[in-house]
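Participant: Each residue of the sequence shown is one higher than the one before, counting from 3 in our numbering.
We put the CB at the ideal spot given by N, CA and C, even for glycine.
Questions regarding the structure given below will be posed in turn.
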Amino acid sequence: MLPLERALGIAICRKAGVHIDRGGVLTRRGGGRQATRRWARAAANTLTGLRAAIVTGMILLAQFGHGVAGEGEGAAGGAQWAAGQAQGAVGTILLGIIGWTTDILDGKLGRYSGLPGGIWAALDFPLDMTMAWVSLWALAKWHFLPMGALWCYALAAVAAILLRPSHTTVMAFAAPVVAVPVWVAWRIDPRLGSAYLLWIAVVLWLDWRRFWGVVGSFVEGLPPQPRHYFSHLLERWLKIAE
């Protein structure tokens with residue numbers, strides 16, 4: 003029978019996840035798993051921070067990239083200018099795809115870690131919305147959207163959010179904003195638009211449960227009558243998907 007002090011020590015160590023081998027050496031159980039989770043959280047935070055850098059890159063490209071976008075005189079100069087604008091828009095679209103990819107990956111890594119994300123987790127959604135709206139502004143700067151219409155839509159979004167502040171209102175106005183780059187990509191080159199749609203399809207296929215979770219959170223914020231209708235519609239879609 004073990005002495006009381008030794009029995010208590012072993013019990014405390016087991017509670018703390020520490021194993022004592024026959025030689026009296028202490029080792030912490032699950033240490034490797036904890037290290038992996040800490041690494042996953044650090045990677046998730048880094049990817050979230052990278053999205054802030056991508057937003058900055060979009061702004062700098064749209065603001066200062068016009069000097070190298072192509073200049074000239076006559077028909078040749080006009081064609082060169084148009085090609086330069088298309089290249090700038092393609093750069094914005096590609097940065098957006100990279101940004102949305104980091105958004106998907108940081109969510110998966112953050113959920114896997116099970117650890118609190120701190121300030122970076124709190125900034126995740128605001129950075130998503132900032133990136134979406136900045137990409138729309140950048141595409142307008144590259145002359146693929148009317149800047150006046152963009153400002154009217156933005157003011158309408160601000161007014162609606164102030165009148166009905168909710169996650170659902172923000173998402174309702176953000177959905178068209180996120181969809182516009184796909185249309186612009188198709189307008190520049192149908193192959194680019196097809197590639198963008200293929201990327202969206204692959205992402206939805208790999209993480210469709212998360213997508214339906216986002217849709218569900220949007221539906222929850224609707225007024226009672228449309229919420230009831232869309233909730234039943236969502237349940238039917240989920241049954242079909244299963």
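For Thr94 versus Leu63, is the C-beta distance shorter than 9 Å?
Facilitator: Here residue 94 is taken as the residue at index 92 of the sequence shown, counted from 1. Here residue 63 is taken as the residue at index 61 of the sequence shown, counted from 1. Yes.
Participant: Taking the runs of the alpha helix (DSSP H) that are 4 residues or longer, which of them lie wholly in the segment 139–201?
Facilitator: If we require 4 residues or more, the alpha helix (DSSP H) runs fully inside the segment 139–201 come out as 149–165, 169–190.
Participant: How long is the line joining the alpha carbons of Ala81 and Leu49, rounded to whole angstroms?
Facilitator: The residue given as residue 81 occupies position 79 in the sequence shown. The residue given as residue 49 occupies position 47 in the sequence shown. Those two C-alpha atoms are separated by around 38 Å.
Participant: To the nearest angstrom, how far is it from the Cα of Tyr198 to the Cα of Val204?
Facilitator: Against the sequence shown, residue 198 aligns to sequence position 196. Against the sequence shown, residue 204 aligns to sequence position 202. Tyr198 and Val204: Cα-Cα distance of roughly 10 Å.
Participant: Taking Ser137 as the reference, which of Leu164, Ala45, Val180 has the closest Cα?
Facilitator: As a working note, residue 137 is residue 135 in the sequence shown. Minimum Cα distance to Ser137 is reached at Val180.
Participant: Does DSSP classify Asp105 as helix, strand or coil?
Facilitator: Residue 105 sits at position 103 when you count from the first residue of the sequence shown. Reduced to three states, the DSSP call for Asp105 is helix.
Participant: Among the residues of its own chain, which have a CB less than 7 Å from the CB of Ser219, if the five just before and after it don't count?
Facilitator: Start at 1 with the first residue of the sequence shown, and residue 219 comes out as number 217. Contacts found: His169.
Participant: So, for Asp105: in the same chain, excluding its five sequence neighbours on each side, which residues have a beta-carbon less than 7 Å away from its beta-carbon?
Facilitator: What you label residue 105 is simply residue 103 of the sequence shown in a count that begins at 1. So the qualifying residues of the chain are Arg53, Asp130.
Participant: Output yes or no for whether 9 Å exceeds the beta carbon distance between Arg39 and Gly116.
Facilitator: Sequence index remark: in the sequence shown, residue 39 carries index 37 (1-based). Sequence index remark: in the sequence shown, residue 116 carries index 114 (1-based). In this structure, Gly116 lies closer than 9 Å to Arg39 by Cβ.
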